[in-house]
């Protein structure tokens, strides 16, 4: 087994070695404490925690500020029409329009799957949704990366599930079931990030930070002084927005990591604890697996070759897996990480009561799903070679 120095290096957060080291120690302590409490106790959806209430409060204040800005703009426009206040009011209305709350839409770098052409995949998704007590997504997407995710989009709040083909193709049948259970578990695990207010607040803060992050440079003295003042204002507003965005992320951190553990529990319920644990280890080994998948893609090979190469990579990395898990527990611990360390997720599944698979996916069923996705393989393979 390769020895790994778990004390080597500290994740950079703010750039100050002393501060980063202190923050990392706090993060490790909190992460280990949460792991112990959840591994030994009940793992259920959490109610109104202080962190959740704080996140909601920040979101409400932020959205109220945007509405107040719009209201002030309307008042200035109507107060003394065709005057300086009218111009200022129009500016405020324009800013409020740019900062208006937005709901996420479908990502652009995905393939939208036609349910009529993927009946086997749709049937499996519905079986897993029933097993974990979650609503089935109405939109199925195919991604180009070694990942998978769910999201809620638009005013209709439609649920979407995206499966990255490089990940999906390199999983065994029960690991695929566990992956679906995990992802759809996010619909019912109380993840604060998916709340309507929180989603809108996060997108608004990102817009504010981007809007005021530009800098102006001029050669003329008067213009230069004006530019300096504008740059200072931009910097203050941009940094404040980034700080508020960071505050929302930080206050919801423990709840979000708890939600990830709970999603893993849903994955174990659907595909079985053994498959959920090996799925978590696949995330831990994503770099070597992604490397061999891209190698096969460059050679012009498809998903069958990806799976074979991934199996070899897993076997080669198996002796180092305990060390990788241990390293992950320290290296990935952070006060601002949305997910628990990958090494902890497999350990959590293994330490909790072992669950049998509620949904069994046969090799034949898995092959039918692969056949349904086959028309999109070339596009994904070409993307992997770039």
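Numbering (this note's numbering), first residue to last: 501 to 886. Think of the CB as a built atom: it goes at the ideal place given N, C-alpha and C, for glycine as much as any other residue.
Problem - Closer than 8 angstroms: residue 623 CB and nearest the ligand MN heavy atom - result: Summarising the ligand content, the structure contains no ligands, and the ligand MN is consequently not present.
Handout entry: Three-state class that DSSP yields for residue 653 in the structure shown
Key = strand
Problem - residue 844 and residue 824 closer than 9 angstroms at C-beta - result: no
Problem - Residue from 774, 685, 790 with nearest C-alpha to residue 543 - result: 685
Exercise for the section: Tell me residue 639's beta-bridge partners as DSSP assigns them. Expected result: 660
Exercise for the section: Tell me whether residue 537 is buried or exposed, calling it buried when 16 or more other Cβ atoms sit within 10 Å of its Cβ. Expected result: exposed
Handout entry: Nearest-angstrom Cα separation, counted from residue 805 out to residue 875
Key = 17 angstroms
Practice task
Please report how far the alpha carbon of residue 880 lies from the alpha carbon of residue 591, in whole angstroms.
Solution key: 45 angstroms
Practice task
Determine the burial state of residue 658: buried for a count of at least 16 other Cβ atoms within 10 Å of its Cβ, exposed for fewer.
Solution key: exposed
Problem - Bridge partners - residue 648, DSSP secondary structure assignment - result: 663
Exercise for the section: Select from 521, 527, 541 the residue whose C-alpha is nearest the C-alpha of residue 848. Expected result: 541
Exercise for the section: Please say whether residue 679 and residue 771 have beta carbons closer to each other than 9 angstroms? Expected result: yes
Handout entry: 6 angstroms Cβ shell around residue 869 - same chain, five flanking residues per side excluded
Key = 620, 621
Practice task
Please name the residue or residues paired with residue 792 in a DSSP beta bridge.
Solution key: Bridge partners of residue 792: none, in fact.
Problem - Reduced DSSP category for residue 612 - H, G, I as helix; E, B as strand; rest coil - result: strand
Problem - Contact set for residue 651: own chain, Cβ-Cβ below 7 angstroms, skip 5 residues either direction - result: 604, 660
Practice task
Please report how far the alpha carbon of residue 640 lies from the alpha carbon of residue 606, in whole angstroms.
Solution key: 11 angstroms
Problem - Presumed contact (8 angstroms Cβ cut-off) between residue 833 and residue 527, rounded CB distance - result: 4 angstroms
Practice task
Go to residue 816, then tell me how far its alpha helix (DSSP H) extends in each direction, as first and last residue.
Solution key: 803-817
Exercise for the section: Mark residue 790 as exposed unless 16 or more other C-beta atoms lie within 10 angstroms of its C-beta, in which case mark it buried. Expected result: buried
Exercise for the section: Specify, as a first and last residue, the run of the alpha helix (DSSP H) that residue 589 falls within. Expected result: 584-598
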